[in-house]
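One structure below.
Number of protein chains: 2
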Amino acid sequence: MSKSLTDPSPTQTVACCSPLASEPLSADSAERIAPVLKALADPVRLRLLSLVASHADGEACVCDLNDAFDLSQPTISHHLKVLHEVGLLGRSKRGVWVYYRVQPQALADLGALIGGVAR
Amino acid sequence: MSKSLTDPSPTQTVACCSPLASEPLSADSAERIAPVLKALADPVRLRLLSLVASHADGEACVCDLNDAFDLSQPTISHHLKVLHEVGLLGRSKRGVWVYYRVQPQALADLGALIGGVAR
DNA sequence: TGCATGCATCGATCATCATCTATGTCAGGA
DNA sequence: TCCTGACATAGATGATGATCGATGCATGCA
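Order-wise, the sequence lines are chains R and G.
Numbers given in the numbering used here equal positions in the first sequence, counted from 1, plus 1135.
Numbers given in the numbering used here equal positions in the second sequence, counted from 1, plus 1135.
This is the structure in structure tokens:
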């Protein structure tokens, strides 16, 4: 409710755990990881994240993102919020515009957790 | 409806795409990837996959998995079916028992897609 | 000060999902 | 042949989620 606009990691990342296949996941860890995956598990959010990640300077304005979808502005805003809340996207406001950028470490941690690459 | 019990990859895996952060994901790719992530994005299914993956011989009997959760047998069966349908778990029946095993390549592909490791 | 623009929040709606109980199916043993 | 045990399927229900239109809140400009 009182989060700073520039807060880089609103929630904990997934850097907590060894890869899925290396040892049984605790119930607690699973409860912590699932929301991050759930945030990613939507076609629109996947494309949003990918768009932001591959944008010049690694960040993108909401106005640009809106135009890439046939969805209402509130819907895009909602999806960006979901990605921001789990720590996959950072957010900064400059003037009237809001820019989102990926958090590379969060993405790398998640990839390692799933792919089994040593942490 | 007519899937073989031993079918190793009921659906396409995620080996289709370059990493999320390397270029904007197409709408089609996103629609294909999201269901796999959605299958993973549940605490119970995360633990199930992890349990199977870290089990001796890389496979586990449903009876063992049931005992690890405070959930009904049909619920566990449902979750296993979800993981199987997206190609994350393989399945084989021996006698009265059914064994599930991870599909390492599917997991690796997914990890690379997210983590950005070159495919 | 007043207005337009960029984005977030609110409240509603329809769809999807996790879970349950009940039941079906199939294999093995008495 | 009948029964038991292992697992899947069916149908119902309460919860969560994706989306929208309406509205609120800043910022910058005239």
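Ideal Cβ placement from N, Cα and C applies to all residues, glycine included.
Values in this document were obtained by computation on a predicted structure and should not be read as measured data.
Residue i CB to nearest chain G CB: under 8 Å?
i, result
"residue 1211/R", "no"
"residue 1189/R", "yes"
"residue 1197/R", "no"
"residue 1173/R", "yes"
"residue 1215/R", "no"
Is there a Cβ from chain R that is less than 8 Å from the Cβ of residue i?
i, result
"residue 1177/G", "yes"
"residue 1225/G", "no"
"residue 1228/G", "no"
"residue 1150/G", "no"
"residue 1236/G", "no"
"residue 1155/G", "yes"
"residue 1242/G", "yes"
Please list, in chain order, the chain R residues whose beta carbon lies closer than 9 Å to that of residue i.
i, result
"residue 1182/G", "1159, 1160, 1161, 1162, 1164, 1165"
"residue 1186/G", "1159, 1160"
What residues match up with residue i in a beta bridge as DSSP calls it?
i, result
"residue 1195/R", "1235/R"
"residue 1224/G", "1237/G"
"residue 1229/R", "1232/R"
Give the residues of chain R in contact with residue i, contact being defined as C-beta atoms less than 8 Å apart.
i, result
"residue 1252/G", "1246, 1250, 1252"
Given a cut-off of 8 Å on the beta-carbon distance, is the pair residue i and residue j in contact?
i, j, result
"residue 1182/R", "residue 1165/G", "yes"
"residue 1235/R", "residue 1206/R", "no"
"residue 1221/R", "residue 1170/R", "yes"
"residue 1243/R", "residue 1172/G", "no"
"residue 1157/G", "residue 1189/R", "yes"
"residue 1247/G", "residue 1193/R", "no"
"residue 1160/G", "residue 1152/G", "yes"
My assumption, with CB atoms under 8 Å, is that residue i sits in contact with residue j. Please give the rounded CB distance.
i, j, result
"residue 1184/G", "residue 1155/R", "6 Å"
"residue 1250/R", "residue 1187/G", "The pair is not a contact, with the Cβ atoms about 16 Å apart (cut-off 8 Å)."
"residue 1180/R", "residue 1149/R", "About 16 Å separates the two Cβ atoms, so there is no contact after all."
"residue 1133/G", "residue 1174/G", "It is not possible to answer for residue 1133/G, since the shown part of chain G is limited to 1136 through 1254."
"residue 1162/R", "residue 1178/G", "7 Å"
"residue 1197/R", "residue 1233/R", "5 Å"
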